[in-house]
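Below: the structure, in structure tokens.
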Amino acid sequence: MTPRFDVERFGILLKPSPRHADVLVVTGPVTKQAAERVKRVYEQTPDPKFVMAVGACSISGGVFQKCYGVLGGVDKVIPVDVYVPGCPPRPDAIIHGVVKLIEKVTKGG
Amino acid sequence: MTTVNVIVGPVHPALHEPERFVFKVDGEVVVDVEPRIGYVHRGIEKALTERTFTQGLYLIERICGICNVAHTLTAVQAIEDAFGVEPPKRAKYLRTVVHELNRIHSHLLLLGVTCELIGFDTLFMLIWRDREAVMDVIEMVTGNRVTSAYNIIGGVRRNIRDHEVSEIKKVLGTIAERVKEYKKVFAEDPTIRARLAGAGRLSRAKALALGAVGPTARGSGVKVDVRAEEPYAAFDEVPFNVVVYEEEDSWARLMVRVDETLESIRIVEECLNKMPSGPVKVPIPEVAPRSSEGFSVIEAPRGELIHHVYTREGDDKPLRYRVRTPTYANIPSACEMLKGGYIADIPVALVSLDPCFSCTDRVALVDVGTGKRVSIDLRTLARRYKK
Amino acid sequence: MAEEVGEHVKLIELFRKELEGRFLGYEYDPKKRALKLLVERSALSNAFELINRVSDGEYHFTTITGADLDGDDIELTYFLWLLPQRLRVVIKASTPKEDPRVQSIVNVTPAANLYEREVYEMLGVRFEGHPKLEKLFLPEDWPENVHPLRRD
Amino acid sequence: MTLPSLLRKAWSNLFKRPATVQYPFKQRLVPPPTYRGRHVLVRERCVGCELCVKVCPAFAITMTVIEGRSLPVIDLGKCIFCYRCEDACPRGAIGRGKDFELASWRREDLVVR
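Chains as they are written, first to last, in this note's numbering: chain A, 14 to 122; chain B, 891 to 1277; chain C, 130 to 281; chain D, 66 to 178.
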């Protein structure tokens, strides 16, 4: 996708709609306004589906914990398969997360 | 005349960020624009008054991932203003270096995104390749690629070492060469000119009246650059040129950024050459030493950024913290420049603003509606995290 | 430097002459080249007309900060940059919390539109004469008359 | 750009090293020494002063009783890797680490203790 760090090498492609996707990547904290929509998008994604939470914000809310608009981590709304900590994670850390996810998929997670 | 409402956003491939615009169109021509922002609003200003000054700094840093250095720099300057402390000179130079490195990477990012948007993928890849080198330098100096956590109240966190100085100079030397090459492409390539010239017009008078900032204003011939007008950090001692283009369109705004990247590279080199010796931080009090207010205005990559803070004596939290980000100031101009244009020009005109709506809503590295669509998420991922 | 110093003095003189009793004081910081002017809330739009006149329309409107401090007032701070004078102007006015109303300056300074909306939303200050004083950031289902940045 | 110069560029690029990093299977990336990665806690040095808990902007550090002593535990899911805790620690019990490969299947694994 970008010149230096490329996950298309693993056969991962961007899709314009959750209906065409297998993996959802959540990168930000879930706001109260967005929670319902996240759930809806998750339901729209066909099975089997996997969720990656990238960054401290999506795992727990990170620095945004205790802000009035923020619900917290995404795992309060939908199940998460792989957590990638960091704020923000290095691109290679995200790739490491992708590899972890592939491991999980091949093992039948 | 019958008009049709076209709603773009909050999740739209051309926006990359969750905002909504309602366009009233007549045929292909946009007649009126109504913005609705706030999809990622989460009350940072309120949260800041509930955290100590140092804790708040890390929240401020995450208002915007791309221009995080600009935000912390403004914050520490505003708080120093309120506290009445003066950072050491070397710290000011180091702040300038990191601030300008941040600007270089931000401008390269936007130039790349624009190229991708107009279908010029080769140039996108080339520019982003060079951007990686800048990110590496930032990581070397500060300890992280994106959120650098470098500026603190009273100075900077880390000193710079000699081998780092020579590394920065080496990297910037190659990048300067390449950017000069890209400048030729941007200036002469017929596809770029055909797509960008004339799109998203914003006249000088309108830019002034609507309070446009940064490259948006300078692309319309308004000569405002906080670095030159109200020198902060080390800008009073480092000479540089304010880039102004008179064409008033998307192309001019892009060219401003290309030229500014070159200027920034020069500023960094100048700073490194002139770097005074001495300490990089001074001790600061934990609690506010006086009831006061302070403000700081700086030129962030996207334009004028202002932080305004009220303190109360003996309190370790700010009484009120106000942030006005550049994109927020540019929204009225954005609406203006879209009026009278074609629907097809909307993405080009919007991207030429380098919109950063997270900033506007005062939130952090947030992606499009938090996982709404994979495509956009991965793109945001690419844009935001792969830096 | 001599004529630069003159600029802020000229502006202060003008304010004093035109606004008379509604001009409450000033403060000048030569290091930041920032001039702070205190005016009555009823004089706000006159103040901006004056600014418009001295700068010939060549000024950049930065922002409005609304702050609910501990007292009974909400303090409004208007930041401006005058291009010809190269001067940072900070205009301050305050309005009582009980009756937070000030004149809108949108007709003089269109750039203030969004900022006035934001201050209205966050602090509940009514800007009289604003063309469209509506919500900007908060969700549509946010209750009326609840303003997140108010202390109470 | 003219066609000849384009062709020359394309030709010379054929022999250059690709920009893409073959992480993680063929190439390992080593972050610079200044990188802020997973913390290294030195239990022997900790005196349990809780300064790190107070300064943490992300509320990621909690004091937990381990082997009869109250020791800091960092939740990496909350941590924003600012290393404020390292600065604050008077005894140097929190150290820098370069490890960035922290991804995990389970939330509970994301702790440094």
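Virtual Cβ for every residue (Gly too), placed ideally from N, Cα, C. Predicted model only: the values in this text are computed from it and were never measured.
Per DSSP, what kind of secondary structure is residue i in: helix, strand or coil?
| i | result |
| --- | --- |
| Phe144 (chain C) | helix |
| Asn181 (chain C) | helix |
| Thr127 (chain D) | strand |
| Gly160 (chain D) | strand |
| Asp1251 (chain B) | Model confidence at Asp1251 (chain B) stands at a pLDDT of 49, short of 50, so the residue's coordinates are unreliable; what they give is reported in the following sentence. Residue state, collapsed to three classes: coil. |
| Trp170 (chain D) | coil |
| Ala196 (chain C) | strand |
| Ser1093 (chain B) | coil |
| Gln945 (chain B) | helix |
| Asp94 (chain A) | coil |
| Gln87 (chain D) | coil |
| Asp1230 (chain B) | The displayed chain sequence assigns Gly, not Asp, to residue 1230 (chain B). If DSSP states are grouped into helix, strand and coil, Gly1230 (chain B) belongs with coil. |
| Ile934 (chain B) | helix |
| Lys226 (chain C) | coil |
| Arg1051 (chain B) | coil |
| Tyr1135 (chain B) | coil |
| Ala172 (chain C) | helix |
| Gly154 (chain C) | strand |
Nearest by alpha-carbon distance to residue i: which of the options is it?
| i | options | result |
| --- | --- | --- |
| Phe1076 (chain B) | B:Leu1001, B:Pro1166 and B:Lys1096 | B:Leu1001 |
| Asn1163 (chain B) | B:Glu976, B:Ile1058, B:Thr1012 and B:Val894 | B:Ile1058 |
| Asp105 (chain A) | A:Leu27, A:Lys89 and A:Gly68 | A:Gly68 |
| Asp199 (chain C) | C:Arg151, C:Lys226, C:Glu156 and C:Trp271 | C:Lys226 |
| Phe63 (chain A) | A:Arg32, A:Lys45 and A:Gln78 | A:Arg32 |
| Thr123 (chain A) | A:Met65, A:Gln78 and A:Cys100 | Nothing can be reported for residue 123 (chain A), as the shown portion of chain A is limited to 14 through 122. |
| Asp164 (chain D) | D:Met128, D:Lys74, D:Trp76 and D:Pro98 | D:Pro98 |
| Leu1098 (chain B) | C:Leu179, C:Ile141, C:Val275 and C:Thr191 | C:Thr191 |
| Arg985 (chain B) | B:Asn958, B:Thr1004, B:Ala972 and B:Leu998 | B:Asn958 |
| Thr1290 (chain B) | B:Asp1139, B:Leu999 and B:Ala1239 | What is shown of chain B runs 891 to 1277, which leaves residue 1290 (chain B) out entirely. |
| Glu136 (chain C) | C:Ile203, C:Trp210 and C:Ala196 | C:Trp210 |
| Ile1050 (chain B) | B:Arg1068, B:Val1027, B:Ile994 and B:Val1036 | B:Val1027 |
| Gly1204 (chain B) | B:Val1187, B:Ala1224, B:Gly1184 and B:Arg1180 | B:Arg1180 |
Work out the CA separation of residue j and residue i for me, nearest whole Å.
| i | j | result |
| --- | --- | --- |
| Ser1110 (chain B) | Ala1084 (chain B) | 19 Å |
| Leu1092 (chain B) | Ile1174 (chain B) | 45 Å |
| Lys146 (chain C) | Lys165 (chain C) | 17 Å |
| Tyr1095 (chain B) | Asp185 (chain C) | For the sequence presented, residue 1095 (chain B) should be read as Ala rather than Tyr. Distance between the alpha carbons of Ala1095 (chain B) and Asp185 (chain C): 12 Å. |
| Leu72 (chain D) | Leu1016 (chain B) | 16 Å |
| Asn78 (chain D) | Glu1071 (chain B) | 16 Å |
| Tyr157 (chain C) | Ala163 (chain C) | 6 Å |
| Glu1189 (chain B) | Arg101 (chain D) | 28 Å |
| Pro1105 (chain B) | Thr1217 (chain B) | 11 Å |
| Ile1286 (chain B) | Thr962 (chain B) | The structure shown does not extend to residue 1286 (chain B), since chain B spans only 891 to 1277, so no value can be given for it. |
| Asp174 (chain D) | Met65 (chain A) | 15 Å |
| Gly74 (chain A) | Ala48 (chain A) | 13 Å |
| Glu263 (chain C) | Val218 (chain C) | 28 Å |
| Val1172 (chain B) | Gly1045 (chain B) | 6 Å |
| Arg151 (chain C) | Leu167 (chain C) | 9 Å |
| Tyr1200 (chain B) | Leu938 (chain B) | 11 Å |
| Thr119 (chain A) | Leu37 (chain A) | 17 Å |
Between residue i and chain D, is the shortest Cβ-Cβ distance under 7 Å, so that the two count as touching?
| i | result |
| --- | --- |
| Tyr1040 (chain B) | no |
| Lys51 (chain A) | A small correction: the amino acid at residue 51 (chain A) is Val; Lys does not occupy that position in the sequence shown. It does not; no Cβ of chain D falls within 7 Å. |
| Asn992 (chain B) | no |
| Val83 (chain A) | no |
| Tyr55 (chain A) | no |
| Glu924 (chain B) | no |
I'd like to know whether the C-beta of residue i is nearer than 7 Å to at least one C-beta of chain A.
| i | result |
| --- | --- |
| Ser169 (chain D) | yes |
| Gly933 (chain B) | yes |
| Val86 (chain D) | yes |
| Val1241 (chain B) | no |
| Leu79 (chain D) | no |
Would you say residue i lies against chain C (beta-carbon separation less than 7 Å)?
| i | result |
| --- | --- |
| Leu1100 (chain B) | yes |
| Val1256 (chain B) | Residue confidence for Val1256 (chain B) is low, a pLDDT of 30 falling below 50, so the modelled location carries little weight; the figure read from the coordinates is stated next. For Val1256 (chain B), the answer is no, since every Cβ of chain C falls outside 7 Å of its Cβ. |
| Lys914 (chain B) | no |
| His1198 (chain B) | yes |
Step through the CB atoms of chain B and report whether any lies within less than 7 Å of the CB of residue i.
| i | result |
| --- | --- |
| Pro101 (chain A) | yes |
| Ala75 (chain D) | no |
| Arg17 (chain A) | yes |
In the stretch 93-108 of chain D, which residues sit with their C-beta less than 8 Å from some C-beta in chain B, listed in chain order? Pro96, Pro97, Thr99, Tyr100 and Arg101
Looking at chain A, which residues of the stretch 939-961 of chain B have a Cβ within less than 9 Å of any of its Cβ atoms? Glu940, Arg941, Gln945, Tyr948, Leu949, Glu951, Arg952 and Gly955
Using Cβ-Cβ distances below 7 Å, what residues of the stretch 144-173 of chain D are close to chain A? Cys144, Ile145, Phe146, Phe165, Glu166, Leu167, Ala168, Ser169, Trp170 and Arg172
Could you please tell me which residues of the stretch 111-125 of chain D, in chain order, have their CB closer than 7 Å to any CB of chain A? Pro122, Ala123 and Phe124
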